[in-house]
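Colleague: Pasting a structure below so you can have a look.
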Ligand code: KG4
Ligand code: ZN
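Residue numbers (the working numbering): 302 to 640.
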């Protein structure tokens, strides 16, 4: 049995977790800064790192306490090394280095995206094990900072098929929510408002980027802005729910159809969808309805940033003997295919 204490501070969540054998969550504590950043409609990096400093000790202590274990019971310490905000990453990294040094346990620097894609492997200790995704896996990572389509033929091996050429999917949700003035973070806000809207009410463009596995969402965002302005110019009230529903449908359609096409072309046996946007109900339903192969989506509490997913990826790295040095440094722009 391998127990890993994992720490995640790449963006605006301060998180720690204890994970057994890469799959079983003994504890998973998260302090979200969402309320703080919501006041400003976005994340201010300096405020985020200050908040990490204030909460990290307590979060790590709490993770060990809830797992009913001590630092000495751990087999390794894992931490998100990147990508993310450098000032935020460093807080988690320094904490992990200190713990590794104090306990003499090995240290593992983990890629945040690798963490996200391992999230469907996890389940809570008190629950039944979930089925493991079968290789080759076609992966869609959709978060606030990334939109990546990746082929995973086995553990720890990634072939990047495509990614967004401009805005990430989550970023598009956040920006359009701001345009529609419905709150932050934009994803959950749009999902909720869209429930009362008609997804076919407004025609929005779909960027298929044919011949590639890439995505593009900036044209869609610009078209939303243009159509909002048209309503304003005509002095008409904006049908906000229809806008939200139609925008969401446009994003979901492209994400789902391109992922399914890639899965078919590469003979994938399963699909994994991970990252903050994988919490989107409409996206999850579309995948379940249209996919001929099993689609693994993390439970809601593992869709957004957390440390359990870092502990899962770290386990497979630990098994492969890929430990980090104690002088590891933050990699704010670390792409998945360069691990
Ligand atoms: O993975 P994550 O927590 O942080 C990053 O690593 O970026 O993803 C955050 C993103 C935000 O853009 C947020 O608007 C989006 O995930 N998101 C959603 C939903 N919940 C969160 N987007 C669409 N629908 C949701 N239900
Ligand atoms: Zn993330």
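Don't be surprised by glycine CBs; every beta carbon is placed ideally from N, CA and C.
Suppose the cutoff is 8 Å on Cβ atoms and the five residues either side in sequence are ignored; what does the same chain contact list for residue 312 look like?
Modeller: Indexing the chain shown from 1 puts residue 312 at position 11. Once the five neighbours on either side are set aside, the close Cβ partners of residue 312 are 344, 349, 385, 386, 389, 445, 446, 606.
Colleague: Measure the C-alpha to C-alpha separation of residue 538 and residue 531 and round it to an integer number of angstroms.
Modeller: Taking the chain shown and counting its residues from 1, one reaches residue 538 at position 237. Taking the chain shown and counting its residues from 1, one reaches residue 531 at position 230. So the two alpha carbons sit approximately 11 Å from each other.
Colleague: Determine whether the Cβ of residue 303 lies closer than 8 Å to any Cβ atom of chain B.
Modeller: Absent here is chain B; the protein component of the structure consists of one chain.
Colleague: Would you mind listing the alpha helix (DSSP H) stretches within the stretch 330-404 that are 4+ residues and don't spill past its ends, in chain order?
Modeller: As far as the stretch 330-404 is concerned, its whole alpha helix (DSSP H) runs of at least 4 residues are 335-339, 346-367, 387-404.
Colleague: Excluding the 5 residues preceding and the 5 following residue 491 in the sequence, name in chain order all residues of the same chain whose CB lies nearer than 8 Å to its CB.
Modeller: Start at 1 with the first residue of the chain shown, and residue 491 comes out as number 190. Contacts found: 474, 477, 478, 481, 483, 545, 548, 549.
Colleague: Is the stretch 409-418 touching the stretch 360-370 in the sense that three or more CB pairs, one from each, lie closer than 8 Å?
Modeller: Too few Cβ pairs lie closer than 8 Å, so no.
Colleague: Rounded to the nearest angstrom, what separates residue 457 and residue 529 at their Cα positions?
Modeller: Position 156 of the chain shown, counted from the first residue, corresponds to residue 457. Position 228 of the chain shown, counted from the first residue, corresponds to residue 529. Computed Cα separation, rounded: 44 Å.
Colleague: Following the continuous beta strand (DSSP E) through residue 507, name the residue where it begins and the one where it ends.
Modeller: The sequence position of residue 507 within the chain shown is 206, counting from 1. No beta strand (DSSP E) contains residue 507, which DSSP labels as neither H nor E.
Colleague: Does the stretch 416-428 come close enough to the stretch 594-604 that 3 or more CB-CB pairs lie under 8 Å?
Modeller: Verdict: yes, contact present.
Colleague: Let me check you understand the geometry: is the CB of residue 444 closer than 7 Å to at least one non-hydrogen atom of the ligand ZN?
Modeller: Your numbering for residue 444 matches position 143 in the chain shown. Indeed, a heavy atom of the ligand ZN lies less than 7 Å from the Cβ.
Colleague: Tell me, please, which residues DSSP counts as bridged to residue 557.
Modeller: Position 256 of the chain shown holds residue 557. Beta-bridge pairing links residue 557 to no other residue.
Colleague: What first and last residue would you give for the beta strand (DSSP E) that runs through residue 598?
Modeller: The count along the chain shown starts at 1 and reaches residue 598 at position 297. It is not in any beta strand (DSSP E) - residue 598 carries neither H nor E in the DSSP assignment.
Colleague: Quick one: measure Cβ to Cβ for residue 352 and residue 315, integer angstroms, because I've assumed they're closer than 8 Å.
Modeller: Position 51 of the chain shown, counted from the first residue, corresponds to residue 352. Position 14 of the chain shown, counted from the first residue, corresponds to residue 315. With 8 Å as the limit, residue 352 and residue 315 qualify as a contact, their Cβ atoms being about 7 Å apart.
Colleague: From 319, 308, 507, pick the residue whose C-alpha is nearest to that of residue 302; which is it?
Modeller: Taking the chain shown and counting its residues from 1, one reaches residue 302 at position 1. When each option's Cα is compared against that of residue 302, the closest is 319.
Colleague: In the DSSP output, which residue or residues are listed as bridge partners for residue 316?
Modeller: Looking up residue 316 in the chain shown gives position 15. Answer by DSSP bridge pairing, in chain order: 309, 331.
Colleague: Taking 8 Å as the threshold, find out whether the stretch 372-381 comes into contact with the stretch 501-519 through three or more Cβ pairs.
Modeller: No, the stretch 372-381 does not touch the stretch 501-519.
Colleague: Taking DSSP as the reference, what is the three-state secondary structure of residue 523?
Modeller: Walking along the chain shown from the start, residue 523 turns up at place 222. Three-state DSSP puts residue 523 in a helix.
Colleague: Which residues in the same chain as residue 516 place their Cβ atom closer than 6 Å to its Cβ, once the five residues preceding and following it in sequence are excluded?
Modeller: Counting from 1 along the chain shown, the entry for residue 516 is found at position 215. Excluding residues within five positions, the ones whose Cβ falls inside 6 Å are 448, 465.
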